[in-house]
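Report on the following structure.
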Amino acid sequence: MTENAVLQLRAERIARATRPFLARGNRVRRCQRCLLPEKLCLCSTITPAQAKSRFCLLMFDTEPMKPSNTGRLIADILPDTVAFQWSRTEPSQDLLDLVQNPDYQPMVVFPARMLTSNGK
Numbered sequence: 001m002t003e004n005a006v007l008q009l010r011a012e013r014i015a016r017a018t019r020p021f022l023a024r025g026n027r028v029r030r031c032q033r034c035l036l037p038e039k040l041c042l043c044s045t046i047t048p049a050q051a052k053s054r055f056c057l058l059m060f061d062t063e064p065m066k067p068s069n070t071g072r073l074i075a076d077i078l079p080d081t082v083a084f085q086w087s088r089t090e091p092s093q094d095l096l097d098l099v100q101n102p103d104y105q106p107m108v109v110f111p112a113r114m115l116t117s118n119g120k
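Residue numbering for the sequence shown is 1 to 120, as defined by the UniProt record's numbering.
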């Protein structure tokens, strides 16, 4: 398996870290690639695939560090996935260029549980 966009963000975040990232379950021995407990590692079962859709993941600063990050699995399966650290006030120029690219039709997928009753 090759490095994916989420693992690249994770490596960049680790390089900027001033202390270890200690999430819940930090004492569990984990696969360093999929971050699942070693006995549940999925790495050998993941087969990259091609799709007509392309994912662009916008991630909060520490999100690539979390073992529960499903974006990592998406990026493993769909190698054309890109990922960016999200900043509302300072978006990445690469992200802005991607959104403006006429070859793509960007769509925002947002968890419904995060919406208020008036849909905002």
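We put the beta carbon where it would ideally sit given N, CA and C, even for glycine.
Quantities reported herein were computed from a predicted structural model and do not represent experimental measurements.
Phe84 is not a Cβ neighbour of Leu42, given a cutoff of 8 angstroms. With a cut-off of 8 angstroms on Cβ pairs, the segment 75-83 is not in contact with the segment 21-28, counting fewer than three such pairs. Scanning its chain for C-beta atoms nearer than 7 angstroms, with the 5 sequence neighbours on each side dropped, one finds around Ala51 the residues Leu78, in chain order. A direct Cα-Cα distance of roughly 18 angstroms separates Asp61 from Leu96. In the DSSP assignment, Val6 falls within the unbroken alpha helix (DSSP H) covering Ala5 to Arg16. A distance of 8 angstroms or more separates the beta carbons of Pro91 and Arg10. For Gln85, the enclosing beta strand (DSSP E) stretches over residues Val82 to Gln85. Here Val6 really is in contact with Asn69; their C-beta atoms are around 7 angstroms apart, less than 8 angstroms. With a 10 Å radius around the Cβ and a threshold of 16 neighbouring Cβ atoms, Arg72 comes out buried. Of Cys31, Thr81 and Thr47, the smallest CA-CA separation from Leu40 is found for Cys31.
A check of alpha carbon separations from Asn101 across Thr89, Ser87, Pro67 and Arg54 identifies Arg54 as the nearest. As computed with DSSP, Arg30 is found in a beta bridge with Pro37.
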